Amino acid sequence: IELLRKEIISILEKNYDEKIKRKLIPFYFRSAIREVIKTGYVANNFEEFIEGIKVSSINSLFYHLVTSKIEKKSPINEYSKWLIEIGEKEKAEKIEKLDIYSGTLYKIKVKILSILEE
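Under this note's numbering, the letters of the sequence shown match residues 1215 to 1332, in that order.
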């Protein structure tokens, strides 16, 4: 049996390739800590909302389109929710339907502004 064991080990060692080695590299899971801060921009009407979107960072855009939706367990993003509240349901629906993962957030921002300025 010992001879057989040594033979198996010898075969395994000869056939141990890089592919197997790569599978043994550990993956380290991490988490991120984020901080939500007020930007100082406030929209009291539709025109101010458009200006707010124009001057907002991509981080703000991501927060209002994605993060807040997850945190608040809301079916719609914050932009669309506010637009519905002020009577802009059609624009809200168009923004909600945007596939925010199909391009960069810069492109999404341009699309949102285009919808708002129609």
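Where is the CB? At the ideal position from N, CA and C, for every residue including glycine.
In this text, all values refer to a predicted model and were calculated from it rather than measured experimentally.
Check, Outcome
"Validate contact between the segment 1256 to 1268 and the segment 1308 to 1316 using beta carbons, cut 8 Å, 3 pairs", "no"
"Simplified DSSP assignment, three categories, for G1301", "coil"
"Spatial distance of A1257 from E1299 (CA atoms)", "13 Å"
"C-alpha distance - V1280 paired with L1218, whole-angstrom precision", "59 Å"
"L1330 - containing alpha helix (DSSP H), residue span", "L1319 to L1330"
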